[in-house]
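The structure appears right after this line, and notes come after that.
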Amino acid sequence: MKHWIAATAGVVGWMAMTMIEAQPAAAQGLPAQDLMVEKKVFTLPSYTTQGGRTLKDVKVGWESYGTLNADKSNAILICHFFSGNSHAAGKYDAKDAAPGYWDAIIGPGKAIDTNKYFVLSSDTLVNLNTGDPKTTTTGPASLNPDTGKPYALDFPVVTIGDFVNVQKALVENLGIKKLALVAGPSMGSLQTFEWAASHPEMVAKAMPVIGAGEADAQLIAWLDVWAAPILVDQNWNKGDYYGKTPPNAGLAKALTAVTLQANHQDWANATFGRRPAKEGEEPAKALANRFQVQSVLDNAGETRAKVSDANHFLYLVKANQLFAAGGASLANAATKIKAPVLLITQPKDLVFTADAVDHTAETLRKGGVDVTHTFIKGARGHLDGVISMKQAEGTIRAFLEK
Numbered sequence: 018m019k020h021w022i023a024a025t026a027g028v029v030g031w032m033a034m035t036m037i038e039a040q041p042a043a044a045q046g047l048p049a050q051d052l053m054v055e056k057k058v059f060t061l062p063s064y065t066t067q068g069g070r071t072l073k074d075v076k077v078g079w080e081s082y083g084t085l086n087a088d089k090s091n092a093i094l095i096c097h098f099f100s101g102n103s104h105a106a107g108k109y110d111a112k113d114a115a116p117g118y119w120d121a122i123i124g125p126g127k128a129i130d131t132n133k134y135f136v137l138s139s140d141t142l143v144n145l146n147t148g149d150p151k152t153t154t155t156g157p158a159s160l161n162p163d164t165g166k167p168y169a170l171d172f173p174v175v176t177i178g179d180f181v182n183v184q185k186a187l188v189e190n191l192g193i194k195k196l197a198l199v200a201g202p203s204m205g206s207l208q209t210f211e212w213a214a215s216h217p218e219m220v221a222k223a224m225p226v227i228g229a230g231e232a233d234a235q236l237i238a239w240l241d242v243w244a245a246p247i248l249v250d251q252n253w254n255k256g257d258y259y260g261k262t263p264p265n266a267g268l269a270k271a272l273t274a275v276t277l278q279a280n281h282q283d284w285a286n287a288t289f290g291r292r293p294a295k296e297g298e299e300p301a302k303a304l305a306n307r308f309q310v311q312s313v314l315d316n317a318g319e320t321r322a323k324v325s326d327a328n329h330f331l332y333l334v335k336a337n338q339l340f341a342a343g344g345a346s347l348a349n350a351a352t353k354i355k356a357p358v359l360l361i362t363q364p365k366d367l368v369f370t371a372d373a374v375d376h377t378a379e380t381l382r383k384g385g386v387d388v389t390h391t392f393i394k395g396a397r398g399h400l401d402g403v404i405s406m407k408q409a410e411g412t413i414r415a416f417l418e419k
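Using this note's numbering, read the sequence shown as starting at 18 and increasing by one per residue.
As structure tokens, this is what we get:
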């Protein structure tokens, strides 16, 4: 039971790992000695969003693994998922319960070999993890330099393209002109598609994982379902809750919805079945008596909500709903992408369904993109793109060496 909770934390945010037992090292594919990572902060004095609003003093956290070579040609960018942050591999401290989410494939001698590559990853704008001291992000919870108060809903709508443009500024600040690979799972795959379509001259290869090239109507609607519990929480107060009671009840339920859809019924049925939350309190005997799956998911959501921000969640939802690679459409993006694409997906994914993924692969190929589509297996559905990536190790190595 503890192991599945630790893995679930991977998709709803790794802060929960500090409160729950992590997976065994063997399950994570950990090396005998972990990468030790230092978190840094990148600052832009100003940034103008794709919607035309200029933000001052924009900050994002970032970290790196490996060494940048002399001609700065060995850089790889990893983009994180919806509720993740830059912590893709290694540990900040030897005592950390678990390493970054893709540690199974990033590190010395691994598929993305840090003996060869300089791997970097950054927190996005409006990152969910505002209560995590290792996360730095500018968003609704940040102080507006012009007013000295949190932006709240005065913060401009931002897009996946904005996330990528801030990353581009970081990459260029490091003197990197071209990335050997851009990759990432889930929302990280959206950023990968955006990089490849909007900045094709800077992307040698692209590896989107458990994602599609645009948000279709089904995904847009599901994202609305994710956001709904926050909007009906009276403490949300139209986004004006800073310095007051935050809408954590709604946020916890939102995170519960994310966790459930990011998994699969095979996992839910095998892990919980129809067992009651408490022995002797059969769900049929009282309205308040619950099933184990309800109780455990709610507890995980409540824990995660304590280190997250509801407005940031809503802004992330909007950014994902607006997504179409290159800012127009997938078909248009397919004519712009020059990099070969390794698309890694899970057929049981309930977030980016097999139909949506197949449409993406077909559209890219019609546009002339060199696409290799490979699959990972497991009982976790979408989450397998975070916790089961070691399955694709050989494919990733071959793609990088091609």
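Each residue gets a CB set at the ideal place from its N, CA and C atoms; glycine is no exception.
- Within the same chain, 157, 256 come within 6 Å of residue 328 by CB-CB distance, once the 5 residues on both sides are set aside.
- Counting other Cβ atoms within 10 Å of its Cβ, residue 291 stays below 16 and is therefore classed as exposed.
- Taking 9 Å as the cut-off, the Cβ atoms of residue 141 and residue 204 count as close.
- Counting only runs of at least 4 residues, the stretch 337 to 404 fully encloses the following alpha helix (DSSP H) elements, listed from N- to C-terminal order: 347 to 351, 371 to 383, 401 to 404.
- An exposed status is given to residue 86, since fewer than 16 other beta-carbon atoms sit within 10 Å of its beta-carbon.
- By a beta-carbon distance limit of 8 Å, residue 276 contacts residue 317. Their separation comes to about 6 Å.
- By the C-beta density criterion, residue 125 is exposed, having fewer than 16 other C-beta atoms within 10 angstroms.
- Less than 9 Å separates the beta-carbon of residue 349 from that of residue 343.
- Taking a cut-off of 8 Å on C-beta distances, the stretch 290 to 305 does not touch the stretch 255 to 273, as fewer than three cross pairs fall below it.
- With the rule of 3 Cβ pairs closer than 8 Å, the stretch 215 to 235 counts as touching the stretch 371 to 381.
- The Cβ atoms of residue 214 and residue 335 lie no closer than 9 Å to each other.
- Here residue 287 has 396 as same chain residues with Cβ atoms under 8 Å from its own Cβ, once five neighbours each way along the sequence are excluded.
- Not a single unbroken stretch of the alpha helix (DSSP H) spanning 4 or more residues falls wholly within the stretch 54 to 126.
- Uninterrupted alpha helix (DSSP H) stretches at least 4 residues long and entirely within the stretch 265 to 347 occur at 265 to 278, 282 to 288, 309 to 322, 327 to 338, given in chain order.
- With a threshold of 16 other beta carbon atoms within 10 Å, residue 127 meets it and is buried.
- If you ignore the 5 residues before and after residue 117, its C-beta comes within less than 7 Å of the C-beta of 104, 105, 106, 107, all in its own chain and listed in chain order.
- The beta carbons of residue 357 and residue 166 sit no closer together than 9 Å.
- With 16 or more other Cβ atoms from the protein chains shown falling within 10 Å of its own Cβ, residue 246 counts as buried.
- Taken atom to atom, the span from the alpha-carbon of residue 201 to that of residue 98 is near 7 Å.
- When DSSP reads this structure, residue 129 sits in a beta bridge with 123.
- Out of 130, 76, 75, 174, the CA that lies nearest to the CA of residue 340 is found in 174.
- Within the same chain, Cβ atoms closer than 6 Å to the Cβ of residue 57 are found at 79, the five residues on either side in sequence being excluded.
- Under DSSP, residue 154 takes part in a beta bridge, and its partners are 77.
- As the crow flies, the alpha-carbon of residue 66 is around 32 Å from that of residue 129.
- In the structure shown, the three-state DSSP call for residue 236 is helix.
- Between the beta-carbon of residue 197 and that of residue 93 there is about 5 Å, and that keeps the pair under the 8 Å contact cut.
- When DSSP states are grouped into helix, strand and coil, residue 202 belongs to the strand group.
- When the alpha-carbon of residue 224 is set against those of 282, 362, 231, the nearest one is in 362.
- No Cβ-Cβ contact shorter than 9 Å links residue 284 with residue 368.
- Straight-line spacing of the CA atoms in residue 114 and residue 54 works out to 14 Å.
- The C-alpha of residue 168 is placed about 6 Å away from the C-alpha of residue 159.
- Here residue 208 is near residue 199, since their CB atoms are less than 9 Å apart.
- Around the beta-carbon of residue 249, fewer than 16 other beta-carbon atoms lie within 10 Å, marking it exposed.
- Nearest in C-alpha terms to residue 311, of all of 295, 325, 323, is 295.
- Residue 100 counts as buried, since no fewer than 16 other beta carbons sit within 10 angstroms of its beta carbon.
- Straight across, the Cα-Cα distance linking residue 91 with residue 412 is about 19 Å.
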